[in-house]
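Colleague: Numbering (my numbering), first residue to last: 2 to 504.
Provided herewith is a single structure, encoded as structure tokens, for subsequent inquiry.
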């Protein structure tokens, strides 16, 4: 039955498939974008926060350094005025802290251009200030107040403190500028991240709506397609039933016709044998009673008549054998081909011995088959190899086997098969005639060259086809031939197969 094309059936699955792929791709793309955006935002946020933390830490160290210098100067002045050692405690504490703070500043990897040079300059000026303060303290300890006061009055310490104060102000200003920049970047990053997430959320909601729409459309289309398919299947089943009835009728007619043809061949062959027997009988009597009275030409005519009758008899017998492949077939049983081969070699013992033939055979399988037809198949193939051999050459026949998996029907379950190869060293043939040799009564050689009726290989093909197998041939003229027989080990007639295997 030819089902009319339906636009819904032809295009909807493709469109739905494309839309689903687009939806899934868009969702995946959004997930990737969200992931990348979040990852980039987090990295940027971590970088900014790290920079802010670092800047605040540097500002704290700068302030601590300046406070320590101021504390040291306060302790120096107190000791200068009072001479009390207690005023030196802040000085000594500041000295211990200053070295730590200055080392921290110099070890800091600042992002600000010129800041590292300022750190180094601060260390140098601070060391000068410390030297000045130590000198004053030492003079006071030596009770040389006048000399100590003179150093203080030179304003050297004040100038150094002014330089330190200016450096501290510059460094703090640079760090606060960087801090403001980082906080602005953090604000921009947060705003961009929020915008991206909101946009991605809205897009996701849109995609969810689109997917929901596709799902509803798909369900509707599925319902409509199911209904259409149900209707089409009902129509198809009706058509199949009609066609099945027609095929069943033609099958029965074909079986009846084949039966009639087989019966005709059998009856015709049987009826032809009777006059042939009389011709041969009268020919024998003529030769026996009148041989001495006949001229040479008469004796030759009788000999030709007898030879023609003999050929006609063999031809009729071969025709009967060909028709009996189906009519006289036996049920399939487990057949050991090794035993069949032994029986065939016993039957062909005389021609094998006369020709000096050597036959090599592998271990053959056991399969479901008609034992009589397997014997006839092997006898015909081996006999064919014994027959078509060059003069003065001993036949060499090799029988090999190979197992493999194969399905008789396309898409069906694979079963165990065997490949039998009958290879000889005979005269061979041109492969362009390989189909012709399996046709009844077709010969590649003149009747006088090799005996036979040209039906043996046709019988082989019919036997193999009855066993659901195949037969083929390969050959090179003058180098022998190989006949290839493929047969299933387990035979299942078509009539016994499950309907879905060949539906």
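Cβ coordinates follow ideal geometry from the N, Cα and C atoms, glycine included.
Suppose contacts are defined by Cβ-Cβ distances below 7 angstroms. Is residue 509 in contact with residue 175 by that definition?
Modeller: Beyond the ends of the chain as shown, which are 2 and 504, falls residue 509; an answer cannot be given.
Colleague: CB-CB under 6 angstroms to residue 88, same chain, minus the five flanking residues each way: which ones, in chain order?
Modeller: As a first step, residue 88 is located in the chain shown; it is residue number 87 there, counting from the start. Counting only Cβ-Cβ distances below 6 angstroms, and skipping sequence neighbours, we find 76, 79 and 80.
Colleague: Can you tell me whether residue 337 is helix, strand or coil according to DSSP?
Modeller: Residue 337 sits at position 336 when you count from the first residue of the chain shown. In this structure, residue 337 counts as strand in the three-state DSSP scheme.
Colleague: Would residue 402 pass as a contact of residue 372 if the rule is Cβ separation under 7 angstroms?
Modeller: Here residue 402 corresponds to residue number 401 of the chain shown, with the count starting at 1. Here residue 372 corresponds to residue number 371 of the chain shown, with the count starting at 1. No, these two residues do not count as a Cβ contact at 7 angstroms.
Colleague: What is the C-beta distance between residue 362 and residue 400, in whole angstroms, given that I count them as a contact (C-beta under 8 angstroms)?
Modeller: One-based indexing of the chain shown puts residue 362 at position 361. One-based indexing of the chain shown puts residue 400 at position 399. Residue 362 to residue 400, Cβ: 4 angstroms. Contact.
Colleague: For residue 431, which of 208, 483, 382 and 381 has the nearest alpha-carbon?
Modeller: For the purposes of this step, residue 431 is taken as residue 430 along the chain shown, with counting starting at 1. When only C-alpha atoms are compared, the closest one is 483.
Colleague: Beta carbon of residue 408, beta carbon of residue 415: below 7 angstroms?
Modeller: Within the chain shown, the letter at position 407 stands for residue 408. Within the chain shown, the letter at position 414 stands for residue 415. Cβ atoms of residue 408 and residue 415: closer than 7 angstroms.
Colleague: Is it buried or exposed for residue 353, if we count other Cβ within 10 angstroms and need 16 for buried?
Modeller: Here residue 353 refers to the residue found at position 352 when the chain shown is read from its first residue. Residue 353 should be labelled buried.
Colleague: Quick one: any contact between the segment 50-58 and the segment 175-189, if contact means 3 or more CB pairs under 8 angstroms?
Modeller: Enough Cβ pairs lie closer than 8 angstroms, so yes.
Colleague: Is it right to say residue 130 is buried, meaning 16 or more other beta carbons lie within 10 angstroms of its own, or is it exposed?
Modeller: As a first step, residue 130 is located in the chain shown; it is residue number 129 there, counting from the start. By the 10 Å Cβ count, residue 130 comes out buried.
Colleague: If I'm right that residue 137 touches residue 153 with Cβ under 8 angstroms, what's the distance once you round it to whole angstroms?
Modeller: Mapped onto the chain shown, residue 137 falls at position 136. Mapped onto the chain shown, residue 153 falls at position 152. Contact holds; Cβ gap of about 6 angstroms.
Colleague: With DSSP as the reference, identify every bridge partner of residue 361, one or two as the case may be.
Modeller: Locating residue 361 in the chain shown gives position 360, where the first residue counts as 1. Beta-bridge pairing by DSSP links residue 361 to 399.
Colleague: Can you name the start and end residues of the beta strand (DSSP E) that residue 101 belongs to?
Modeller: If you number the chain shown from 1, residue 101 lands on position 100. From DSSP, residue 101 is part of no beta strand (DSSP E) but of the alpha helix (DSSP H) over 89-108.
Colleague: Exposed or buried, residue 33, counting other C-beta atoms within 10 Å across all chains shown (16 or more means buried)?
Modeller: Start at 1 with the first residue of the chain shown, and residue 33 comes out as number 32. Answer is exposed; the Cβ neighbour count stays below 16.
Colleague: Which of the three DSSP states is assigned to residue 49 in this structure?
Modeller: Your numbering for residue 49 matches position 48 in the chain shown. Three-state DSSP puts residue 49 in a helix.
Colleague: Have a look at residue 29 and residue 40 and give me their C-alpha separation to the nearest angstrom.
Modeller: Stepping through the chain shown from its first residue, residue 29 is reached at position 28. Stepping through the chain shown from its first residue, residue 40 is reached at position 39. When rounded, the distance between both Cα atoms is 16 angstroms.
Colleague: Quick test of your reading: residue 224 and residue 38, contact by CB under 8 angstroms. State the CB separation rounded to the nearest angstrom.
Modeller: As a first step, residue 224 is located in the chain shown; it is residue number 223 there, counting from the start. As a first step, residue 38 is located in the chain shown; it is residue number 37 there, counting from the start. That pair is no contact at about 41 angstroms.
Colleague: Helix, strand or coil for residue 426 per DSSP?
Modeller: Your numbering for residue 426 matches position 425 in the chain shown. Correct three-state label for residue 426: coil.
Colleague: State the DSSP-derived secondary structure class of residue 372, mapped to helix, strand or coil.
Modeller: Residue mapping note: residue 372 aligns to position 371 of the chain shown, counting from 1. DSSP places residue 372 in helix when its eight states are reduced to three.
Colleague: CB residue 398 to CB residue 369, shorter than 7 angstroms?
Modeller: Here the question's residue 398 lines up with position 397 in the chain shown. Here the question's residue 369 lines up with position 368 in the chain shown. Against a cut-off of 7 angstroms, the Cβ pair of residue 369 and residue 398 comes out as no contact.
Colleague: Could you tell me which of 489, 111, 301 and 332 sits nearest to residue 1, measuring between CA atoms?
Modeller: As displayed, the chain neither begins before 2 nor continues past 504, which places residue 1 out of reach and without an answer.
Colleague: If you draw a straight line from the alpha carbon of residue 94 to that of residue 69, how long is it in whole angstroms?
Modeller: The residue you call residue 94 lines up with position 93 of the chain shown. The residue you call residue 69 lines up with position 68 of the chain shown. Roughly 8 angstroms between the two C-alpha positions.
Colleague: Identify which residue in 120, 146 and 98 has its Cα closest to the Cα of residue 107.
Modeller: Taking the chain shown and counting its residues from 1, one reaches residue 107 at position 106. The residue with the shortest Cα to Cα distance from residue 107 is 120.
Colleague: When DSSP labels each residue in this structure, what does residue 407 get in the three-state scheme?
Modeller: By one-based count along the chain shown, residue 407 stands at place 406. Of the three classes helix, strand and coil, the one that applies to residue 407 here is strand, per DSSP.
Colleague: Could you tell me the alpha carbon to alpha carbon distance between residue 3 and residue 237, rounded to whole angstroms?
Modeller: The residue labelled residue 3 in the question sits at position 2 within the chain shown. The residue labelled residue 237 in the question sits at position 236 within the chain shown. Reliability fails at residue 3, whose pLDDT of 44 lies under 50, so the model's placement of it is uncertain and no value is given.
Colleague: Measuring alpha carbon to alpha carbon, tell me which residue in 427, 406 and 364 is nearest residue 385.
Modeller: Here residue 385 refers to the residue found at position 384 of the chain shown. When each option's Cα is compared against that of residue 385, the closest is 427.
Colleague: Per DSSP, residue 484 is paired with what?
Modeller: Translated into the one-based positions of the chain shown, residue 484 becomes position 483. The beta-bridge partner set that DSSP reports for residue 484 consists of 423 and 474.
Colleague: Run through the segment 140-202 for me and flag every whole alpha helix (DSSP H) of 4 or more residues, listed as ranges in chain order.
Modeller: 146-154
Colleague: Between which two residues does the alpha helix (DSSP H) carrying residue 351 extend?
Modeller: As a working note, residue 351 is residue 350 in the chain shown. Residue 351 -> alpha helix (DSSP H) spans 350-356.
Colleague: Is the separation between the beta-carbon of residue 358 and that of residue 387 shorter than 7 angstroms?
Modeller: Locating residue 358 in the chain shown gives position 357, where the first residue counts as 1. Locating residue 387 in the chain shown gives position 386, where the first residue counts as 1. Result yes, Cβ atoms of residue 358 and residue 387 sit closer than 7 angstroms.
Colleague: Tell me, please, which residues DSSP counts as bridged to residue 249.
Modeller: Within the chain shown, the letter at position 248 stands for residue 249. Answer by DSSP bridge pairing: none, since residue 249 is not bridged.
Colleague: In this structure, does DSSP put residue 415 in helix, strand or coil?
Modeller: Position 414 of the chain shown, counting from 1, holds the residue named residue 415. If DSSP states are grouped into helix, strand and coil, residue 415 belongs with coil.
Colleague: Could you spell out where the alpha helix (DSSP H) holding residue 295 opens and where it closes?
Modeller: Looking up residue 295 in the chain shown gives position 294. Element bounds for residue 295: n/a, residue is neither H nor E.
Colleague: Residue 489 bridges to which residues according to DSSP?
Modeller: Residue 489 sits at position 488 when you count from the first residue of the chain shown. DSSP output for residue 489 lists 418 as bridge partner(s).
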